Amino acid sequence: MQGVGFRPFVYRIAIKNKLTGWVQNTNENVLIRVTGNETDIALFLDSLQREAPPASMIEKVAFVATEPETFIGFSILHSHNVSEDITEISPDIAVCSACLEDITREGSRIDYSFVNCTNCGPRFTIIRDLPYDRDKTTMQPFNMCPDCREEYETITDRRFHAQPTACGSCGPHYELHIAGNPTNKGIREIIGQVSAIIDNGGLVLMKGLGGMHAACDALNDTAVAKLREVKNREGKPFAVMFRDTGSLLEYVTMTKKEEQSLLSWRRPIVLLNTGSGTARKVSCNVNAGLSLLGVMLPYLPFHHQLFRHLKTPAIVMTSGNFSSEPILTENQVALDQFTQHMEAIVLHNRDIYNRTDDSVVRIIDGKERIMRRSRGYVPAPVRTTMNSDGILAFGAELTNCFCVGKGKKAFLSQHIGDLQSLETTLFYEQTIDRFLQLFRVKPALLAVDMHPDYISTKTARKFPGVPLVIVQHHHAHIASCMAEHGLDEKVIGVALDGTGYGDDGHIWGGEFFVCDLVDYKRITHFDYLPLPGGDLAAEEPWRMAVSYLYRVFGNEFRKLDLPIFRETDPEKIEIVVRMIDRNINCPLTSGAGRLFDAVASLLGLCQTATFQAEGPMRLESMVLPDCHESYPFNTGPVIRFDNTIRGIVHDLSLNTDVKIIASKFHNTIISAIFESVNAIRNREGISRVVLSGGVFQNKYLFEGIIARLRKNLYNVYAHAVIPTNDGGVSLGQLAVASKRRENKCV
Ligand code: ZN
Ligand code: ZN
Ligand code: FE
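The numbers in the working numbering rise by one with no breaks, and the one at position 493 of the sequence shown is 494.
In structure tokens:
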């Protein structure tokens, strides 16, 4: 991978161990030739694996003894044959500890916020083109001063060939704007003023690595409420940046694995539990009272500098934009849009070329699972076993990512977002162009979702004459997980999510397939129910609750005593019943997410969602891990939950604790999945099970079903490095297209 300082590192450890020889990049690997005595070579090999630069990833070291040869010194050989084909760019890397030390003591880098070295700093966000040279980055306008130049050219220096290297006398700078006017302040004054504003409850917009952040004190209810108003973001949880792991432990619990992810050079947002047992709470406006909080640690020098002055240990760090629009990157747009809303705007004069959001991960079943793949992860490719060269897969509609194939590598885009605003669609189209250019891919085959009205599907029309493969949404989900694990055979696929266009024209989302990468057979599915109001029903979970109640109890449902009747306008409920009776705007859905919505509504947890999947998230946060009861359900050609709903209503009539009902419901879903899979195995003799879809972001459900399947000797495959939500769908589209092309069925 370019830009992680691997060859200089090899050079340094070779010299340290008194070895002579050379190192060279090729398309496929790094070749190293060393001569020396056995002990030194052993030490060298040891260092090679244990001290490698943080962002480099050694897949395998192959070691061959050859005839001795004499070299003079150790050199980095010029790489031929590689310039056009090396298309692996490092993701952005959090500032390293050596650089953080430099800003406390090193001459022109004292207090310098853009410090970086070969082990850290911006990469993808500043790259315009390959090969990765300063001239092709947004550092191009900054001419290195003689000191920086010398370090850049000194092979033993930590900044040898560090393309974005800079110091206070030659690099970019921060600028503070108050009330729309630039102030002429140095970084110390900026940090002082910005931290004072935040500590006093003010809002600040600050330009970062992949875009702008809107920030405020995460402990201050009024400040967080004000930020919500500005962003027009009713309930969606905000991420919080903590000063360090010590301070965050007063607010959340953390396992060793979670800590590793938090501290990794990728510095993602990690979803942690705000459990009992923690002494303090962030403002309840931050995470809508959920038991999960998105937490991250400082990753830019500026963040560290800020926390040295801030009194608060925690600040909200949410994307600087109005909700539904992509994260802002342009200085002028930030000033135009946010001056009237923010006490201060902090900008800098290094352009952001590739917009990235903060990535989001959650540790489930002891492993890091990516929920949103962007900064720190993109554009590292996914290595697959199939040839997807020239395939462009457009992804889904919500939580979109697209994907381009080059050889056996799949390059997934950063998180694009919901293709429902003009700005996001423009970002989508622009990023497609940039990926094709950056990775030198000329589209030879396109892969799109089956939904005819998706913006992503329509965008494929911009490539007239290129053949097109149409992939069913849930088949793409399963194929995505298969591609992640290198599977190419018949599997049992379980795809559970909110919505996806089915090949019968209904809205799918509770699907059990027997499939391979080419095709699928739908064996069973969650039962169809009317979805009153279509898309609106996803925002108003009470509609699905009415749909279920009406199905199960008929007209008698009105006599039940349920929270939904106290929390919803009775007239609206009657309208929904009439819509169902007359089949007006009531498409059929088998979406598992809608069942979770319905139960969240029945339990009075969420009648109207203020953010995507609020109902299911509230339901999950109620679960008691020690409850093992469940409700009845029926499997077969369709999986019916009528008796589950009956059981829930009965429990409600007995005033059973909502937490127990939520737990029993989760256990029911786990059993329904397990029994359905079992029936398929008994008939088809397949014991590989592939799980995908947004529902598997639910930790309790995920761990429950995995444990149950493993105990019964299934080989279970689920997502880790690719999102299980719609952010992973494009990889599946790519895999299906590749396989169909191989089989000559496109
Ligand atoms: Zn560094
Ligand atoms: Zn300099
Ligand atoms: Fe989906």
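The beta carbon of each residue, even a glycine, is placed where N, CA and C say it ideally should be. From a predicted model like this one, the values you see are computed outputs, not experimental measurements.
Boundaries (first-last residue) of the beta strand (DSSP E) holding Thr36: Per DSSP, Thr36 belongs to the beta strand (DSSP E) from Val31 to Thr36.
Delimiting residues of the beta strand (DSSP E) encompassing Asn274: Here the beta strand (DSSP E) through Asn274 covers Ile270 to Asn274.
Candidates Leu550, Leu250 and Val449: closest to Leu561 by CA position: Ranking Leu550, Leu250 and Val449 by CA distance to the CA of Leu561 puts Leu550 first.
In chain order, each alpha helix (DSSP H) run of at least 4 residues that lies wholly inside the segment 184 to 227: For the segment 184 to 227, whole alpha helix (DSSP H) runs of length 4 or above, ordered along the chain, are 188 to 200.
Nearest neighbour of Lys61, chosen from Gln50, Pro54 and Tyr429 [CA to CA]: Looking at Gln50, Pro54 and Tyr429, the one whose alpha-carbon comes closest to that of Lys61 is Gln50.
Cβ-Cβ separation, Glu512 to His452 (assumed contact under 8 Å), whole Å: So it is not a contact: roughly 15 Å between Cβ atoms.
Contact between the segment 118 to 138 and the segment 151 to 166 (3+ Cβ pairs under 8 Å): The segment 118 to 138, when compared against the segment 151 to 166, does touch it at the 8 Å Cβ threshold.
Nearest-angstrom beta carbon gap, Leu589 and Pro626 [assumed within contact, 8 Å]: Distance from Pro626 to Leu589 at the Cβ level is roughly 34 Å; contact not present, criterion being Cβ atoms closer than 8 Å.
Whole-Å CB distance - Val449 paired with Thr458, under 8 Å assumed: Their Cβ separation, rounded to whole angstroms, is 4 Å, which keeps Val449 and Thr458 in contact under 8 Å.
Beta-carbon separation (whole angstroms), Ile364 vs Lys258, contact threshold 8 Å: Contact between Ile364 and Lys258 holds, with the beta-carbon distance rounding to 5 Å and staying under 8 Å.
3-residue-minimum beta strand (DSSP E) runs that sit fully inside the segment 318 to 360, ordered along the chain: Runs of the beta strand (DSSP E) inside the segment 318 to 360: 345 to 349.
Sub-8 Å separation of Leu596 and Leu606 beta-carbons: In this structure, the beta-carbon distance from Leu596 to Leu606 does not fall below 8 Å.
For His178, three-class secondary structure by DSSP: DSSP places His178 in strand when its eight states are reduced to three.
Strand pairing of Lys443, partner residues [DSSP]: For Lys443, which the question treats as bridged, DSSP gives no partner whatsoever.
Chain-ordered residues, beta carbon under 5 Å from a heavy atom of ligand 1: The answer, residue by residue, is Cys97, Cys100, Cys118, Asn120 and Cys121.
Distance cut-off 7 Å: His476 Cβ against heavy atoms of ligand 3: No, ligand 3 has no heavy atom inside 7 Å of this Cβ.
Reference Leu537, options Asn726, Val442 and Asn586, closest by Cα: Nearest Cα to Leu537 within the set Asn726, Val442 and Asn586: Asn586.
Extent of the continuous alpha helix (DSSP H) run through Lys700: Where Lys700 is concerned, the enclosing alpha helix (DSSP H) stretches over Lys700 to Lys712.
CB-CB length for Val283 against Val241, believed under 8 Å: So it is a contact: roughly 6 Å between Cβ atoms.
Near ligand 2: Asp148 beta-carbon under 7 Å from a heavy atom: Checking every heavy atom of ligand 2 against the Cβ of Asp148, one is found closer than 7 Å.
Ile73: first and last residue of the uninterrupted beta strand (DSSP E) it sits in: Run containing Ile73: none; DSSP gives neither H nor E here.
CB-CB length for Val225 against Asn286, believed under 8 Å: Right, the Cβ-Cβ distance comes to about 4 Å (below 8 Å), so this counts as a contact.
Contact test: Ala397 Cβ vs ligand 3 heavy atom, cutoff 7 Å: If you check the C-beta of Ala397 against ligand 3, you find a heavy atom less than 7 Å away.
Val730 Cβ short of 7 Å to ligand 3 heavy atom set: Yes, Cβ of Val730 sits closer than 7 Å to a heavy atom of ligand 3.
At least three beta-carbon pairs within less than 8 Å, the segment 347 to 361 to the segment 372 to 381: The answer is yes - the segment 372 to 381 touches the segment 347 to 361, with three or more Cβ pairs under 8 Å.
Those residues which DSSP pairs with Ser693 across a bridge: According to DSSP, residue pairing for Ser693 in a beta bridge involves Ala496.
Inter-residue spacing [alpha-carbon to alpha-carbon] between Pro69 and Thr36: The straight-line gap from Cα to Cα measures roughly 7 Å.
Check whether His349 and Glu176 have beta carbons under 8 Å apart: With respect to Glu176, His349 sits close: the two C-beta atoms are nearer than 8 Å.
Where the alpha helix (DSSP H) through Leu532 begins and ends: Per DSSP, Leu532 lies in no alpha helix (DSSP H) segment and is marked neither H nor E.
Under the three-state DSSP convention, the category Ile94 falls into: Look at Ile94 here: in three-state DSSP terms it is strand.
Heavy atom of ligand 3 within 7 Å of Gly236 beta-carbon: The closest heavy atom of ligand 3 lies 7 Å or more from the beta carbon of Gly236.
Residues that DSSP places opposite Asn401 in a beta bridge: Gly418.
Length of the line joining the Cα atoms of Ile649 and Ala599: Computed Cα separation, rounded: 11 Å.
Distance cut-off 7 Å: Ala163 Cβ against heavy atoms of ligand 2: No - ligand 2 has no heavy atom lying nearer than 7 Å to the Cβ of Ala163.
Where Val639 falls, given that 16 or more other Cβ within 10 Å makes a residue buried: Result: exposed.
Cβ shell of Arg323 (< 7 Å), same chain only, five flanking positions each side left out: Residue identity differs from the one stated: residue 323 is Phe in this sequence, not Arg. Within the same chain, Lys232 and Asn233 come within 7 Å of Phe323 by CB-CB distance, once the 5 residues on both sides are set aside.
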